[in-house]
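Below you'll find the structure, written out as structure tokens, and then a few comments.
Numbering (this note's numbering), first residue to last: 79 to 215.
Pasting the structure below:
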């Protein structure tokens with residue numbers, strides 16, 4: 079099992095946006111340069127995050143992207159679902175009633191989703207901020 083690169087970039091983008099003072103907007107160019115991506119590719123990721131209601135876009139020369147919800151409401155699972163969708167990771171190819179293998183796989187996925195839902199991006203943003211402060215000293 080592996081998440082796409084888009085999920086990786088989305089998680090990093092969200093943390094970066096959370097670190098902005100006063101919830102200020104950041105342009106797509108700056109976000110793309112930070113991760114060494116093309117702005118076109120990152121724009122597709124930002125569109126998914128916007129559609130999921132995690133960020134909002136402000137058009138214009140001074141526009142950009144910023145977090146649209148309270149920071150403490152956004153979990154890893156929210157971002158993953160915005161990019162990957164909320165489909166099951168396992169689909170039993172042998173269709174029979176009460177598949178024991180499928181039961182194990184679904185329970186494991188349920189546990190993983192619960193863990194990702196309990197992990198907030200704001201906690202990572204706090205750690206990143208602390209690390210930046212220490213590095214400046």
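Virtual Cβ for every residue (Gly too), placed ideally from N, Cα, C.
Quick caveat: nothing in here was measured; it's all calculated off a predicted structure.
Query raised in the report: Between 96, 120 and 164, which lies nearest to residue 191 when the distance is taken from Cα to Cα?
Result: Locating residue 191 in the chain shown gives position 113, where the first residue counts as 1. Comparing Cα positions, the closest option is 164.
Query raised in the report: Helix, strand or coil: which one does DSSP assign to residue 141?
Result: To locate residue 141, count along the chain shown from 1; it is residue 63. In the structure shown, residue 141 falls within a coil segment according to DSSP collapsed to helix, strand and coil.
Report task. Label residue 41 either buried or exposed according to how many other C-beta atoms from any shown protein chain fall within 10 Å of its C-beta, with 16 as the threshold for buried. Result -> Coverage of the chain is limited to positions 79 through 215, which leaves residue 41 absent and any answer about it impossible.
Query raised in the report: Taking the alpha carbon of residue 126 as the point to measure from, which residue in 171, 207 and 161 has its own alpha carbon closest?
Result: What you label residue 126 is simply residue 48 of the chain shown in a count that begins at 1. Taking only the C-alpha atoms, the option nearest residue 126 is 161.
Query raised in the report: Three or more C-beta pairs closer than 8 Å, one from the region 147 to 157 and one from the region 195 to 204: is that the case here?
Result: yes
Query raised in the report: Under a Cβ-count criterion, where at least 16 other Cβ atoms within 10 Å of its own Cβ denotes burial, should residue 159 be classed as buried or exposed?
Result: In the chain shown, counting from the first residue as 1, residue 159 sits at position 81. The Cβ neighbour count for residue 159, taken over all protein chains shown within 10 Å, is at least 16; the residue is labelled buried.
Requested in this report: Would you list the one or two residues that DSSP bridges to residue 155?
Outcome: One-based indexing of the chain shown puts residue 155 at position 77. According to DSSP, which records beta bridges pairwise, residue 155 is partnered with nothing at all.
Query raised in the report: DSSP three-state call for residue 133: helix, strand or coil?
Result: Counting from 1 along the chain shown, the entry for residue 133 is found at position 55. In this structure, residue 133 counts as strand in the three-state DSSP scheme.
Query raised in the report: What do you get for residue 81, buried or exposed, if any count of 16 or more other CB atoms within 10 angstroms of its CB means buried?
Result: Walking along the chain shown from the start, residue 81 turns up at place 3. Exposed is the call here.
Query - Delimiting residues of the alpha helix (DSSP H) encompassing residue 184 - result: Working through the chain shown from its first residue, we reach residue 184 at position 106. Bounds of the alpha helix (DSSP H) holding residue 184 are 178 to 196.
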